[in-house]
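In our numbering, the protein residues as written are 23 to 395. For every residue, glycine included, the Cβ atom is placed at its ideal position computed from N, Cα and C. All values reported here derive from a predicted model rather than from experimental measurement. See below for the structure under consideration.
Structure follows, in structure tokens:
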């Protein structure tokens, strides 16, 4: 089958069905052909893949594919399609002192990202469109924007695919976010007792919405809600806020169960691929992607129960080299094909960010372009 048709088929199907042993050869075949294409269109990528490990024809397992360090997207314009095909540039939600990643998106990649996200979320949320309460400002997701942050992309993906009515409940005043009480009250009056979705950036949900609601001693009555959130855990960890504390506080404000507060792990460099917590608290990998945990020093694949750097592989991108990316996040593989929730494949836990480190060695193959010595 043509690789593009295989990609379309894997994304379109009901997710989390493929056992690990069936999934790996399917992904390997597609990723091999995609990496061959990347090498043909980019001299920098040709040098990268040729300098590290085996060439694509000799890959026998996903672990053989050299992962691109995520930091490379901060320093290089990495494209695998003609510049005129780019319709949007995504930026990571970096701090004011850090360089954001730049991810170039063409129509094909955008379509696949949307379908992949929808297929994954549908498995957790169902296919019904519901009113969406967005715990952010409208500016984070401007219609028709040629650039978009990870924060805005997550909200757009959830609200666009599953929202029937969208209400942004925060206003920005002198650089700070505040709840618009009038809009929140109107939303509550209009959709009282209904199933709703809530979307937000984890740190903003906690530091702005929840704290302002607690200070005002206000609660809501949405027992049938689901909150899908991600991002900013590093700051909450520094404040000694655990996931359980976060979920319980949010559930109390909304008048629901903490089981309805769903954390997901994702990144702008791998849009369309998200890893949500299941009922057992494990993060699962859709059938069109994979995760490998690598030792932080040797880069060897880690077994179940041993923490290491999270590598994400996926077959979605055709406009940038996102097939295999090593992150600066630490995770641990928990099991394969045997989660109590019934979803097949690997499942893992996110542990933490790596403090002030940069994956060495791989990026050196790009040094000539930057003029480094």
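Per DSSP, cross-strand counterpart(s) of residue i
i: residue 286; result: 298
i: residue 247; result: 218
i: residue 341; result: Answer by DSSP bridge pairing: none, since residue 341 is not bridged.
i: residue 316; result: 323 and 331
i: residue 90; result: 347
i: residue 124; result: 113
i: residue 78; result: BP columns for residue 78 are empty, so no partner.
i: residue 190; result: 156
i: residue 306; result: 369
i: residue 355; result: 370
i: residue 252; result: 223
i: residue 185; result: 152
Opening and closing residue of the alpha helix (DSSP H) in which residue i lies
i: residue 265; result: 265-276
i: residue 330; result: It is not in any alpha helix (DSSP H) - residue 330 instead sits in the beta strand (DSSP E) that spans 330-336.
i: residue 259; result: 255-260
i: residue 138; result: 129-147
i: residue 97; result: 94-97
i: residue 30; result: 25-34
i: residue 84; result: Run containing residue 84: none; DSSP gives neither H nor E here.
i: residue 230; result: It is not in any alpha helix (DSSP H) - residue 230 carries neither H nor E in the DSSP assignment.
From the options, residue whose alpha carbon lies closest to that of residue i
i: residue 354; options: 233, 330, 32 and 363; result: 330
i: residue 99; options: 86, 212 and 64; result: 64
i: residue 208; options: 228, 322, 242 and 196; result: 242
i: residue 32; options: 304, 281, 312 and 234; result: 312
i: residue 307; options: 328, 128, 332 and 339; result: 332
i: residue 197; options: 219, 152, 158 and 374; result: 158
i: residue 26; options: 216, 51 and 368; result: 51
i: residue 272; options: 40, 236 and 206; result: 236
i: residue 363; options: 374, 349, 298 and 327; result: 298
i: residue 233; options: 134, 220, 48 and 200; result: 200
Cutoff 6 Å; reference residue i; Cβ partners in own chain excluding five residues on either side
i: residue 183; result: 140
i: residue 372; result: 287 and 353
i: residue 96; result: 121 and 123
i: residue 317; result: 324 and 330
Same chain only: Cβ atoms within 7 Å of residue i, ignoring 5 sequence neighbours per side
i: residue 126; result: 101, 108, 111, 341 and 342
i: residue 265; result: 285
i: residue 292; result: 334, 336, 344 and 347
First and last residue of the uninterrupted beta strand (DSSP E) at residue i
i: residue 374; result: 368-375
i: residue 199; result: 198-201
Chain-order list of residues whose beta-carbon lies under 8 Å from that of residue i (same chain, five-residue window excluded)
i: residue 263; result: 228
i: residue 252; result: 176, 223, 224, 285, 286, 287, 288 and 296
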